[in-house]
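Using the numbering used here, the first residue of the sequence shown is number 12, and each one after it goes up by one.
A short write-up of the structure that comes next.
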Amino acid sequence: MPPTDKAQTVLVSAIVLLLLSGLAAYLTIARLVENQKWVAHTEDVRAALSEVDLAVVRAGRARKGYVMTEDRSFLQQFESAVPEISRDLTQVREVTRDNPRQQALCSQLEDLVNRRVAMLRESIRLDMQSPHDDKSQSDLDLSSLSLVSEMDSVVQQMRKEEQRLLEIRRTASYRIFYLMVATLSGTFLLAIGLIAIHHRLLSSQLKAREHAETLARDSEQSLRRLTVQLLQLQDAERRRFSRELHDSLGQSLVGAKMNLEMFAARRKDDLLAEAIQLLDQSIAETRTISHLLHPPLLEEAGLSSAAKWYLEEFGRRSGIEINTSKLEDAGNLPKPVALGLFRILQEALINIHRHSGSTKAEVIIRSLPGRIVLQVRDYGKGIAPELLRRFQMQGTNSGVGLAGMQERTRELGGHLSIQPCYPGTLISTTIPLSDQMGETPATAAD
12 MPPTDKAQTV LVSAIVLLLL SGLAAYLTIA RLVENQKWVA HTEDVRAALS EVDLAVVRAG
72 RARKGYVMTE DRSFLQQFES AVPEISRDLT QVREVTRDNP RQQALCSQLE DLVNRRVAML
132 RESIRLDMQS PHDDKSQSDL DLSSLSLVSE MDSVVQQMRK EEQRLLEIRR TASYRIFYLM
192 VATLSGTFLL AIGLIAIHHR LLSSQLKARE HAETLARDSE QSLRRLTVQL LQLQDAERRR
252 FSRELHDSLG QSLVGAKMNL EMFAARRKDD LLAEAIQLLD QSIAETRTIS HLLHPPLLEE
312 AGLSSAAKWY LEEFGRRSGI EINTSKLEDA GNLPKPVALG LFRILQEALI NIHRHSGSTK
372 AEVIIRSLPG RIVLQVRDYG KGIAPELLRR FQMQGTNSGV GLAGMQERTR ELGGHLSIQP
432 CYPGTLISTT IPLSDQMGET PATAAD
């Protein structure tokens, strides 16, 4: 499996674990909340039982007060306590409805409470009929004691049942809580481990990518250095070849012409005159080739003069009308700048002649503060959009000519741009001079 797929698998696994742990936490919290509700339910049952006890006690006190004082206000208290007893019993039955055992005990409690209330009513009735019948009241009190004891027993059983259920629910809550903590801790630690593995895989990928990018940059820099060296070697070879043509072949042709001229002056032969004419053409062609390879005017008169001579020769040979009215005097430029701009001009014109189909062109040389600008425009069909796009992407696969111009410009610290003009194309090169002024100007001594 590729490293990227491994990293994605690990990350997805960590996310799934975190989601599962979140789901487990949600379910656990829901169970804990439910158990908490049952704890509150137990307290409700206890409170309802207490309310029954209090209501029965109030009824008994009201009966006793009436028997002892025969104050009828106690009767009113008794009559108000009896309905409360009924309501409290109904509340007890309602809150224990989910527990059959508690419902059975609740039925016993209702029967005992009703019997207790009936005895209290009987005691009040006897007191109304026979106020001083203490023996009958004592008998009722004894019977009531047994009922109260049974009531207390039933209430205690109900309380114990609720306490038992409460303990069971608390134990379940603690078990669920500890299980949740263990589950969350395990999944969290496992997720952290997976995230750490994912981080390590990403780090290794990033390091590999950085290494590859470093190698690519080193290769690109090496290629650029090699390109610059090739361009410099090409310029040196052109200069050497130009001098060889001028110094050896050119001089030999001139010597042969002189000899033929002397011979023709004595013999008056038409063939010799034709030979002399051919030699004149050969000398002119040799001088033209030599100047095109490395024009002496570039070192003797500067970039503007060399460019004007070259444009005239190029226009005469190619049939392209070239506007040279905007060739400003660039002065004594540093030798690398003058040579680089001249080579860019040559390559631009060659591209116009080969690819544009234009019948006219315009060359502009402007000397601005701190920089020199060369612009070459044609009025042809324009540059192909795909080629322009590749050139804008750092010159990738944009052709040998454009790449050479780009490398020459970059070596001089300048900027090369290509813009569609509709019709035609504009090539603009700007070279800063502040960094180049330390160079020796191009002169004939070079």
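Backbone N, C-alpha and C define an ideal beta-carbon position, used for all residues, glycine too.
Keep in mind that this is a model prediction, so the values were computed, not measured.
(message) Could you give the first and the last residue of the continuous alpha helix (DSSP H) run that contains Glu323?
(response) From DSSP, the alpha helix (DSSP H) with Glu323 extends over Leu314 to Ser329.
(request) Provide the residue(s) that pair with Val384 in DSSP beta bridges, ordered along the chain. (result) In the DSSP output, where bridge partners are listed per residue, Val384 has Arg377 and Thr441.
(message) DSSP has Ala372 in a bridge; who is on the other side?
(response) Beta bridge pairing from DSSP links Ala372 with Ile333 and Asp389.
(request) Give the straight-line distance between the Cα atoms of Arg500 and Ala35, rounded to the nearest whole angstrom. (result) For residue 500 there is no data in the structure shown, the boundaries of the chain being 12 and 457.
(request) Verify whether the separation of the beta carbon atoms of Leu338 and Ala317 is less than 8 angstroms. (result) It is not a contact, given that the beta carbons lie outside the stated cut-off.
(message) Buried or exposed for Val44, going by 16 or more other Cβ atoms inside 10 Å?
(response) Counting the other CB atoms within 10 Å of its CB gives Val44 a total below 16, which places it among the exposed residues.
(request) Let me know the secondary structure DSSP gives Leu429 once reduced to three states. (result) The question names Leu, but residue 429 is Ile in the sequence shown. Strand, per DSSP.
(message) Check this for me: beta carbons of Pro434 and Gly381, under 8 angstroms apart or not?
(response) The Cβ atoms of Pro434 and Gly381 do not sit closer than 8 angstroms to each other.
(request) Measuring alpha carbon to alpha carbon, tell me which of Leu205, Ile135 and Ser196 ends up nearest Asp152. (result) Nearest option by C-alpha distance: Ile135.
(message) Which residue wins for smallest C-alpha separation from Phe199, given the options Ala349, Gln19, Ser32 and Gln140?
(response) Taking Phe199 as reference, the option from Ala349, Gln19, Ser32 and Gln140 with the minimal CA-CA separation is Ser32.
(message) By the three-class DSSP mapping on this structure, what secondary structure does Leu423 have?
(response) Leu423: coil per DSSP, three-state reduction.
(request) Identify every residue that forms a DSSP beta bridge with Leu338. (result) Under DSSP, the beta-bridge partners assigned to Leu338 are Ile376.
(request) In the DSSP assignment, find the unbroken alpha helix (DSSP H) run with Met130 in it and report its ends. (result) Looking at the DSSP string, the run of the alpha helix (DSSP H) that includes Met130 is Pro111 to Gln140.
(request) Pick helix, strand or coil for Thr436, following the three-state DSSP scheme. (result) In the three-state reduction of the DSSP assignment, Thr436 falls in the strand class.
(request) With a 10 Å radius around its C-beta and 16 neighbouring C-beta atoms as the bar for buried, classify Tyr189 as buried or exposed. (result) Exposed is the call here.
(request) Would you kindly check if the distance between the Cβ of Arg69 and the Cβ of Leu131 is under 8 angstroms? (result) Taking 8 angstroms as the cut-off, the beta carbon of Leu131 is found no closer than this to the beta carbon of Arg69.
(request) Using three-state DSSP, classify Arg42 as helix, strand or coil. (result) Arg42: helix per DSSP, three-state reduction.
(request) Would you check if there are 3 or more beta carbon pairs closer than 8 angstroms linking the stretch 107-122 to the stretch 170-179? (result) Touching, per the Cβ criterion.
(message) Ala129 and Gln102 - do their beta-carbons sit closer together than 8 angstroms?
(response) No; because the gap between Cβ atoms is not below 8 angstroms, this pair is not in contact.
(message) Could you tell me the alpha carbon to alpha carbon distance between Leu100 and Arg42, rounded to whole angstroms?
(response) Taking the straight line joining both Cα atoms gives about 30 angstroms.
(request) Output yes or no for whether 8 angstroms exceeds the beta carbon distance between Ile438 and Val387. (result) Contact flag set, yes.
(request) Give the single residue among Glu54, Asp16, Arg126 and Asp340 whose Cα lies nearest to the Cα of Val106. (result) Distances from the CA of Val106 to each of Glu54, Asp16, Arg126 and Asp340 were compared; the closest alpha carbon is that of Glu54.
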